[in-house]
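Q:
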Amino acid sequence: MAVKIAPSILGADFGNLENQIKKVEECNVDLLHIDVMDGNFVPNIAFGPDQVKMLRDKTNLPFDVHMMVQDPDRLIGRFAEAGADIITVHQEATTHLHRSLNLIKSYGVKSGVVLCPATSLSTLKYVLDEVDMILLMTVNPGYGGQSFIENSLDKIRALKEMIKGYPIDIQIDGGVNLETAPKIVEAGADVLVAGSFTFKGDIQKNIDDLRRVVL
Ligand code: DX5
Ligand code: ZN
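Mind the numbering: the sequence shown is residues -13 to 201 in the numbering used here, read in order.
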């Protein structure tokens, strides 16, 4: 299966967002990654459900909503109604992960869990039946443009082993570029999020280059 590419619009030019989204759609990317930040779980603030709703009729790309939000259950319904196709919640931000994942699914939306770089894979053991995707952060969440944390490669390999037989995609977010992407894919990733890499310079060339190095 070809590796899926999910540009993160956090790296886009916000003054020109509609146009930038159209550009990545023309490059036949697979998902649009939308970073939701609450200023509490992470120090930064970005994207609420109203903004997601406004973007919904601008593109046919599936919306992959990464909730960097403390107590995500409060807002899962609003993002589902705003048009999310996949919602991922941080293990570190919810007290009842199993409940949060089932809440996402109750809206007919695909569910996923996110782990920060320091969080152990062991926390996933009893929710493997509840998730369509597992997102491993390869930087500490909150900002685009940070460097990939190298020991994440071992974590990706271990996760690949752990989910054998489950229909679960491994998504990687943070520091994806032409140098890191081949190693990430070799370790077992299925979906690459790329923010600053995608939107710096020529978008079409960047996506083509990324595809080429992970073939
Ligand atoms: C960071 C976000 C990422 C961010 C990645 O907290 O979750 O999605 O946009 O940015 P890059 O690709 O620049 O590391
Ligand atoms: Zn993200």
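Ideal Cβ positions, reconstructed from N, Cα and C, are used throughout, including at glycine.
1) Is D21 near the ligand DX5, going by C-beta to nearest heavy atom under 7 Å?
2) Based on DSSP bridge pairs, tell me the residues matched to H76.
3) Closest to V179 by C-alpha separation, out of Q157, L164, K91 and E4, would be which residue?
4) Under a criterion of Cβ closer than 7 Å to any non-hydrogen atom of the ligand DX5, which residues qualify, in chain order?
5) Rounded to whole angstroms, what is the Cα-Cα separation between E172 and R143?
6) For V177, which residues in the same chain have their Cβ closer than 6 Å to its Cβ, ignoring the five residues on either side in sequence?
7) To which residues of the same chain is P58 closer than 7 Å at the C-beta, ignoring the five residues directly before and after it?
8) So which of V15, Q56 and E11 has the shortest CA-CA distance to V28?
9) Please state whether the Cβ-Cβ distance between G128 and N30 is less than 8 Å.
10) Output the distance between the C-alpha atoms of S106 and D188, rounded to the nearest integer angstrom.
11) Does DSSP put M(-13) in a helix, in a strand, or in coil?
12) On the three-state DSSP scale, how would you describe D21?
13) With H, G and I counted as helix, E and B as strand and the rest as coil, what does DSSP make of S(-6)?
14) Would the stretch 182 to 199 and the stretch 5 to 24 be scored as touching if the rule is three or more Cβ pairs under 8 Å?
A: On the basis of the coordinates in this document:
1) On the sequence shown, position 35 is the one that residue 21 refers to. Judged by the Cβ position, D21 qualifies as a neighbour of the ligand DX5 at the 7 Å threshold, a heavy atom of the ligand being closer than this.
2) As a position in the sequence shown, residue 76 is number 90, starting the count at 1. Bridge partners of H76: V100.
3) Residue mapping note: residue 179 aligns to position 193 of the sequence shown, counting from 1. The residue from Q157, L164, K91 and E4 with its alpha-carbon nearest to that of V179 is Q157.
4) Here the residues come out as S(-6), L(-4), G(-3), H19, D21, V28, H52, M54, M123, V125, P127, G128, Y129, G130, G131, Q132, D159, G160, G161, V162, V179, A180, G181, S182 and F183.
5) Taking the first residue of the sequence shown as 1, we reach residue 172 at position 186. Taking the first residue of the sequence shown as 1, we reach residue 143 at position 157. CA-to-CA, the gap between E172 and R143 works out to about 9 Å.
6) On the sequence shown, position 191 is the one that residue 177 refers to. Sequence-distant partners of V177 (beyond 5 residues in either direction) whose C-beta falls short of 6 Å from its own C-beta, in its chain, are K(-10), A(-8), D155 and Q157.
7) Position 72 of the sequence shown, counted from the first residue, corresponds to residue 58. Cβ neighbours of P58 beyond the five flanking positions: V75, A79, T80 and S86.
8) Here residue 28 corresponds to residue number 42 of the sequence shown, with the count starting at 1. Across the set V15, Q56 and E11, the C-alpha of Q56 shows the shortest separation from the C-alpha of V28.
9) By 1-based counting over the sequence shown, the position of residue 128 is 142. By 1-based counting over the sequence shown, the position of residue 30 is 44. Their beta carbons are under 8 Å apart, which means G128 touches N30 by this criterion.
10) Along the sequence shown, one-based indexing puts residue 106 at 120. Along the sequence shown, one-based indexing puts residue 188 at 202. When only Cα atoms are considered, S106 and D188 end up about 37 Å apart.
11) As a position in the sequence shown, residue -13 is number 1, starting the count at 1. Looking at M(-13) - three-state DSSP - the assignment turns out to be coil, as it is neither helix nor strand.
12) Here residue 21 corresponds to residue number 35 of the sequence shown, with the count starting at 1. Here D21 sits in strand by DSSP.
13) The residue you call residue -6 lines up with position 8 of the sequence shown. Annotated three-state conformation of S(-6) is strand, per DSSP.
14) Of all C-beta pairs linking the stretch 182 to 199 to the stretch 5 to 24, three or more are shorter than 8 Å, placing the two stretches in contact.
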